[in-house]
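These notes are about the structure you will find just below.
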Amino acid sequence: MPVFYEKKQLVTPGDLLAEGDYVSGDSTYKENGKIYANRLGLVDYNGRRVHVVALKSFYIPVPGDTVIGKVVETTPGGWVIDIKAPHFARLRASDVVERSFKPETTDLPSIFDVGDLIIAKVVAYDRTRDPQLTVREPGLGKIMRGQLFVVTPTKIPRVIGRQGSMVGMIKRETGCQLTIGQNGLILISGRSTEDERLAVLALRKIEAESHTSGLTDRVTEMIKKERKAVESK
Amino acid sequence: MTDSVVVRVKKKRIAELLESEKRVDERGLTDYREIQIESGVIERAEGSARVHLGKTDVVVGVKIGTGTPFPDVPDKGVLTVNAELVPLASPDFEPGPPGEKAVELARVVDRGIRESKAIDLEKLCVESGKLVFVVFIDVYVLNHDGNLIDASAMAALAALINTKMFKYEVKDGKIVKKPGYTPLPIINYPIAVTFAKIGNKLILDTGLDEEQVMDARLTMTMTKDGNICAIQKGGGSGYFTQEEIVEATKIAQKKTKELRKLVVKS
Amino acid sequence: MKANKKKTKKETKKMSNKKPEKLIDKKGIRLDGRKLDELRPVKMEVGVLPNADGSAYLEQGKNKVLVGVYGPKEAHPRHIAQQDRAVIQCRYHMAPFSVDERKSPAPSRRDIELSKVVREALEPAVFLEYYPKTSIQVYIEILQADGGTRCAGITTAALALADAGIPMRDLVVACAAGKADGKLIVDLMDTEDKVGDADVPVAFMPNLNAITLLQMDGNLSVDEFNNAVNMAVDGCKQIYALQKEALKSKYVTVEEAEEE
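Chains as they are written, first to last, in our numbering: chain A, 1 to 233; chain B, 234 to 499; chain C, 500 to 759.
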């Protein structure tokens, strides 16, 4: 039963990846017993499962994901949040204030207003409703300071690294806190703008070279070099 | 009920029937509904015709005016086609300027007439580069029950055949009417047939129901010598294979001949 | 890749108000030096607009086409949303300076028709049913026009959609064939389209052997028409190979840079 590419080869939409008794995974589709890519990316075969790691994709909310979003509208019942997904997400007022709140007397915009950035968790998402968010857990809520960096969501695992190795290294080398949204938004919070700049450089490099190996070491090298270059001025 | 949301069971039924080469109203796959063509229905227009294709009802009026020719064709009269999907024709048509459906309809009908050179535009030149006759063809859809393109194209041709221009002479660069009329110089008779693809079947003359579930449509316009002068694929997010297109050309050759007889006779 | 290598031997005759007497000379060479079945040089680039979710730029002969894609995103206005699928909002538009005589920026009837048929050429490729109640906006701007712009627009738009990470069954590629001086030719430039006998634009998904755009104006026998469609499909296949390369090449450059 034939496969037509090697692991980690670059494929484009419409490329025939496999034929026969295979299962269609991410960024692929199956038709008439054949599996095709439906996005540009790197093909991978895992036993019977064929999938493509898309080079570029947009975020589809998954319950349990941590996301960073922007408040775009306040309504009597809560807020509408842009989480860079095909649909806006909703945060119910009842998630933040007491259950028996009165819309007329509670000033929702004073809690979160249009333009605020929040860290939230996706609690529900299916085809019948917009994604629902919560800010009830510790660490969630309004973002008060920091810099935002946006990557395509498929690269988030690379930013995190195996068992957090990449994000941990960036923290060590730059002293910056990174809050990572599964939707591709990353909040950088450092002790100085210089520290944050180094973190941004690191993230740019990861974004550009996410498909290569030995990346963690190279990023570490680069940060060290940059720091030296700045300090010697 | 709004026509644009299709009842799902209807869709299934149409597809199932087609599997056994049958249609909802028991027509054959390439049969047209009953066609009625009346000419000269609007006396104020220089030419007119009304076509009933099943329950689809289209009126076309032809008006002749004068104007300046296009600079790159100074010796030819001007042809312009407009189509209106009048709100009374369907619960899904709204008042306002022509939307993409109306624009497409007008341009497909226009292409058939223009590319087949149905009107001898050179005979409509009064003074080269300065004054020519303008043929205004206005398609008015009165009831939409599917296959507006073929009905409109037939009505437009019938209206053109029906069109009479006043006799005239040119005095001091101006047109002066003389008594009597001459027919508009028509030298070709383009006929459009529109195929719809549902599943893997090709059918002609879709009723409204069939149109709402079709995957794609393909209009072929042929001249009286069996040449193709216009083609338009549209409607639906489906596609055709080359084999289907070749098959369509064969059916179109036969069908356009049949329909032409009806129009020219009327 | 013959489409890319040949340089034009002769400049296209300027139109002014005179039509060239012959579009094809005795040796079967066209006004711009091409053979009957030869495409104009094509080059494409993906990811050229920072704000758009996906974008692409294409040059084919003198055609210059830029496409930006936004979405899938919430459908606006609400009433255009479809409950079970995404809608594609497509705008084909020519810049006022793209043609010889300045063209008004307001959409002409041709723009309206082309926006429709181009949208219908792209729809079969996109998995619209994955994103109900959203819209995918495709903005095609023709910056310079020299015949075959709807085909160039479709080819570029497919790249932009892929660049946006929107899942597609296949890339859509388009090419026109036609007839001039009694001969069938491929990839007509503006003069050949205006003065010639027929123009047959075709959009194609090579994977599914699917024709998603097909139009024709002019006068052709049935056999000529079917042959023209064949020529156009062959042209499509050549351009398809270039589309794939354009998508991959951004990626490859990164890898090469990394090896230094």
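Each residue gets a CB set at the ideal place from its N, CA and C atoms; glycine is no exception.
Bounds of the alpha helix (DSSP H) holding A:Ser-110 are 108-111. Look at the beta carbons and you see the segment 348-361 of chain B touching the segment 390-410 of chain B: at least three pairs across the two are nearer than 8 Å.
Approximately 7 Å separates the beta-carbon atoms of C:Ile-639 and C:Thr-655; this is inside 8 Å, confirming the contact. DSSP, reduced to helix, strand and coil, places A:Ile-143 outside both helices and strands of the structure shown, so it counts as coil.
For C:Ile-710, the closest of C:Asn-729, C:Val-545, C:Glu-723 by C-alpha to C-alpha distance is C:Asn-729.
Going by DSSP, B:Val-374 is part of the beta strand (DSSP E) stretching over 364-376.
For C:Ile-710, the chain B residues whose Cβ falls inside 8 Å of its Cβ are Lys-466, Tyr-472, Phe-473, Thr-474, Gln-475, Ile-478, in order along the chain. Sixteen is the threshold: since fewer than 16 other Cβ atoms of the shown chains lie within 10 Å of the Cβ of C:Ile-579, the residue is exposed. With contacts defined as CB atoms closer than 8 Å, B:Ala-316 and B:Pro-328 fail to qualify as a contacting pair. Distances from the CA of C:Asp-599 to each of C:Ala-702, C:Arg-609, C:Asp-722, C:Asp-645 were compared; the closest alpha carbon is that of C:Asp-645.
Put simply, the backbone Cα of A:Ile-118 is about 35 Å away from that of C:Arg-590.
B:Tyr-422 places its beta carbon 8 Å or farther from that of C:Pro-623. Taking 8 Å as the cut-off, the beta carbon of B:Ser-281 is found closer than this to the beta carbon of B:Val-295. Around C:Ala-661, the beta-carbon contacts reaching into chain A at under 8 Å are Thr-12, Pro-13, Arg-39, Leu-40. Annotation for A:Thr-75: the continuous beta strand (DSSP E) segment containing it runs 66-75. Inclusion of B:Phe-428 and B:Leu-417 in the CB contact set at 8 Å is not warranted, their separation being larger than that value. With a threshold of 8 Å between beta carbons, C:Arg-608 makes contact with chain B.
By the Cβ test, the segment 82-92 of chain A is in contact with the segment 564-573 of chain C, since at least three Cβ pairs between them sit closer than 8 Å.
Taking 7 Å as the Cβ-Cβ cut-off, the segment 62-90 of chain A approaches chain C at Pro-86, His-87, Phe-88, given in chain order.
The segment 61-76 of chain A and the segment 170-185 of chain A touch, with three or more beta-carbon pairs separated by less than 8 Å.
Restricting attention to B:Leu-321, B:Pro-324, B:Val-342, the CA atom closest to the CA of B:Thr-313 is found in B:Val-342.
The beta-carbon distance between C:Met-715 and C:Val-699, rounded to whole angstroms, is 5 Å. This is short enough to meet the 8 Å contact definition. Between B:Leu-495 and chain C, the shortest Cβ-Cβ separation is not below 8 Å.
Where B:Thr-415 is concerned, the enclosing beta strand (DSSP E) starts and stops at 407-416. Within the DSSP bridge table, the entry for C:Cys-674 names C:Val-701 as partners. Under the Cβ distance rule, C:Arg-584 does not count among the residues neighbouring chain A, no pair being separated by less than 8 Å. Contact annotation: the segment 673-690 of chain C does not touch the segment 21-29 of chain A, with fewer than three C-beta pairs closer than 8 Å. Our two residues, B:Ile-408 and B:Ala-391, have alpha carbons roughly 27 Å apart in a direct line. Taking all protein chains in view, the Cβ of A:Met-144 is surrounded by fewer than 16 other Cβ atoms within 10 Å, so the residue is classified as exposed. By the C-beta density criterion, C:Val-586 is buried, having at least 16 other C-beta atoms within 10 angstroms.
Contact holds between the segment 455-462 of chain B and the segment 344-357 of chain B, because three or more Cβ pairs, one in each stretch, are under 8 Å apart. Take A:Glu-196, set aside five residues on each side of it, and the residues of its chain with a beta-carbon closer than 7 Å to its own are Gln-147, Cys-176, Ile-188, Gly-190, in chain order.
Interface annotation for the segment 627-647 of chain C against chain A: Tyr-630, Pro-631, Lys-632, Thr-633, criterion Cβ-Cβ distance under 8 Å. At least 8 Å separates the CB of B:Arg-256 from every CB of chain C. Contact of B:Ala-463 with chain C by beta-carbon distance below 7 Å involves Met-715, Asp-716. As a beta-bridge residue in DSSP terms, A:Ser-189 pairs with A:Gln-177.
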